[in-house]
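One structure below.
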Amino acid sequence: EAALASLHARLTAAGQNKRGAAVEIVIADPALDAEIELTLPGDWAVTPAVRGAIKAVEGVLLVEDF
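As structure tokens, this is what we get:
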């Protein structure tokens, strides 16, 4: 939960915009032995600085551009 709260804070600070990007979150759930994929609504201003901040969130293993 702390990782999601931190991710939310970083994306909210960057804001949404029409020229932004979709954000998809993949959560590994060992209890289910599966991954859960979530796509956030809207387009987000994912700049290199925001990507770097997301990489620094505890629990984040990978940040990719599509």
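The opening position of the sequence shown corresponds to residue 56 in my numbering, with each subsequent residue numbered one higher.
Quick reminder that beta carbons are idealized off the backbone N, C-alpha and C, glycines included.
Owing to the predicted nature of the structure, the values given are computational and were not obtained by experimental measurement.
key: Cut-off 8 Å between Cβ atoms - residues of its own chain near L95, not counting five sequence neighbours on either side   = L66, A77, V78, E79 and I80
task = Under 8 Å Cβ to Cβ from Q71, same chain only, skipping five residues before and after it: list those, please.
result = G97, D98, W99 and A100
key: For L87 and G75, the rounded distance between their alpha carbons   = When rounded, the distance between both Cα atoms is 32 Å.
ask   = Is any heavy atom of the ligand PLP found at a distance shorter than 7 Å from the C-beta of I91?
value = As far as ligands go, the structure on display features none, and thus does not contain the ligand PLP.
task = Please list the segments of the beta strand (DSSP E) lying wholly inside the stretch 75 to 111, counting only runs of 3 or more residues, in order along the chain.
result = Unbroken beta strand (DSSP E) runs of no fewer than 3 residues, entirely contained in the stretch 75 to 111, are found at 79 to 84 and 89 to 94, following chain order.
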